[in-house]
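Remarks on the structure that follows.
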Amino acid sequence: MRLGLIGFGNIALTLLGQLAETLDAPLEHLTVLCLPEMTGETQARLAGDFAKIAKEAAVVSDAGALLADRPDLVVECAGHGAVTAHVPPVLRAGIDVVIVSIGAMSDAALERELRAAAAGGGARLILPAGAIGGIDLLAALGAAGGLEVRYRGSKPPLAWRGTPAEAVTDLAALSEAHTFFTGTAREAARDFPRNANVAATLALAGAGFEATHVELVADPAALGNVHEYSVVSPLAKYSMRIENQPSAGNAKTSVSTVYSVLREIRNRIGPVAI
Ligand SMILES: NC(=O)c1ccc[n+]([C@@H]2O[C@H](COP(=O)([O-])OP(=O)(O)OC[C@H]3O[C@@H](n4cnc5c(N)ncnc54)[C@H](O)[C@@H]3O)[C@@H](O)[C@H]2O)c1
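Each residue of the sequence shown is one higher than the one before, counting from 51 in this note's numbering.
This is the structure in structure tokens:
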């Protein structure tokens with residue numbers, strides 16, 4: 051496979067480590083699109099720690115140069131700005147893209163642009179389950195309509211520092227779980243953009259941004275990022291609770307997110323997709 055990666059942070063580095071351990075053979079080619087100021091450092095890491103991951107590797111800083119390397123698949127693991135800047139041209143060029151910064155799609159104009167780019171290029175925009183699970187069932191049930199989806203995201207109080215939660219809650223003083231936000235997935239993504247990925251994934255798979263109900267909770271008893279959601283549909287009902295471990299390189303990112311991206315790549319390379 052000729053793989054393109056947008057971003058070279060926690061998810062990208064962990065993913066490359068997992069690929070190195072699990073692939074039977076090196077990638078044909080790896081292109082990393084990073085910020086211009088990170089080019090030298092990225093080249094050095096690729097030549098050192100990841101020298102064996104691909105037969106050839108290149109570092110670029112714009113989508114044109116990424117496309118010139120003819121990737122089979124591009125994985126975005128960089129952030130909202132990178133989705134806006136780089137993903138539409140890649141899709142328009144007919145190349146499938148996995149995006150992990152799914153919260154970016156709470157921007158309705160960007161969602162329209164990405165869908166149009168994929169349709170125009172004959173490519174697919176692939177949204178992995180990321181930090182949660184059960185997306186297969188939610189998306190399947192969604193086809194029948196009539197969904198009610200309620201999501202509750204809990205983290206230790208201090209993990210909400212630097213967000214609007216601070217304005218309404220004395221995070222350091224909490225001794226029990228406190229729900230500081232209740233609203234739609236659209237409102238949650240607007241007010242808590244750095245925590246928008248899970249709510250956006252549920253909204254896109256199921257009832258949409260306006261009809262997906264979100265609660266955000268500061269909970270002194272939470273050991274990590276806890277995601278709970280329930281689905282009621284005319285066809286089935288289910289609920290799910292996921293307690294995620296933070297990843298070593300970025301406590302805000304649940305490590306299972308990386309495994310979810312690894313799954314997307316392995317499903318493309320292996321003889322069976324599941
Ligand atoms: N879908 C999910 O469930 C889920 C879960 C966790 C994280 N995420 C998202 O994944 C993304 C990456 O997470 P991470 O833990 O690797 O973050 P990180 O901060 O460790 O790494 C991000 C990398 O992207 C690079 N970058 C930023 N803007 C860029 C641009 N315009 N072009 C190229 N590179 C750029 C940064 O330099 C950095 O190397 C974030 O947007 C995060 O919100 C999604």
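Quick reminder that beta carbons are idealized off the backbone N, C-alpha and C, glycines included.
Nothing here was measured: the structure is a model prediction, and the numbers come from that model.
Endpoints, the beta strand (DSSP E) within which residue i is located
i: L224; result: Careful: L224 lies outside any beta strand (DSSP E) and carries neither H nor E.
i: T303; result: N300 to S304
i: V140; result: Note, V140: premise wrong, no beta strand (DSSP E); alpha helix (DSSP H) at H130 to R142.
Residue(s) in a DSSP beta bridge with residue i
i: R162; result: R162 is not bridged to any residue.
i: T234; result: H263
i: G203; result: L266 and H277
i: L175; result: V147
i: S297; result: N300
i: T89; result: According to DSSP, which records beta bridges pairwise, T89 is partnered with nothing at all.
i: T81; result: G54 and A108
i: L123; result: L53 and D146
i: E216; result: DSSP output for E216 lists no bridge partner at all.
Extent of the continuous alpha helix (DSSP H) to which residue i belongs
i: N60; result: N60 to T72
i: L252; result: N247 to A255
i: I56; result: First-last for I56: R52 to I56, but that is the beta strand (DSSP E), not the alpha helix (DSSP H).
i: R291; result: Run containing R291: none in the alpha helix (DSSP H); it sits in the beta strand (DSSP E), K287 to N294.
i: A113; result: A113 to A118
i: L191; result: I185 to G192
Cβ-Cβ distance between residue i and residue j below 7 Å
i: A168; j: S310; result: no
i: P284; j: G196; result: yes
i: T81; j: L116; result: yes
i: G203; j: L123; result: no
i: G276; j: E293; result: Gly is not the amino acid found at residue 276; the sequence shown has Val there. Yes, they are a contact pair.
i: A255; j: A189; result: yes
i: A154; j: V133; result: yes
i: L221; j: P206; result: no
i: V140; j: A104; result: no
i: A268; j: W210; result: yes
i: I182; j: E126; result: no
i: R142; j: G171; result: yes
i: C84; j: T92; result: yes
i: T213; j: F242; result: yes
i: V137; j: V148; result: no
i: G177; j: I152; result: Residue identity differs from the one stated: residue 177 is Leu in this sequence, not Gly. Yes, they are a contact pair.
Rounded Cβ spacing between residue i and residue j (contact assumed at less than 8 Å)
i: L66; j: F100; result: 5 Å
i: T251; j: I185; result: 6 Å
i: V110; j: T307; result: That belief does not hold up - the Cβ atoms of V110 and T307 are roughly 24 Å apart, past 8 Å.
i: R200; j: Y279; result: 6 Å
i: N60; j: G299; result: 3 Å
i: A239; j: A249; result: 6 Å
i: S304; j: T64; result: The Cβ separation is near 11 Å, so there is no contact.
CB contact below 7 Å: residue i versus chain C
i: D269; result: The structure shown contains no chain C; it is built from a single protein chain.
Proximity test, residue i beta-carbon vs ligand 2 heavy atom, cut-off 6 Å
i: G203; result: This structure lacks ligand 2; the ligands present are ligand 1.
Would you say the segment 218 to 232 touches the segment 156 to 173, given that touching needs at least three Cβ pairs under 8 Å?
-> no
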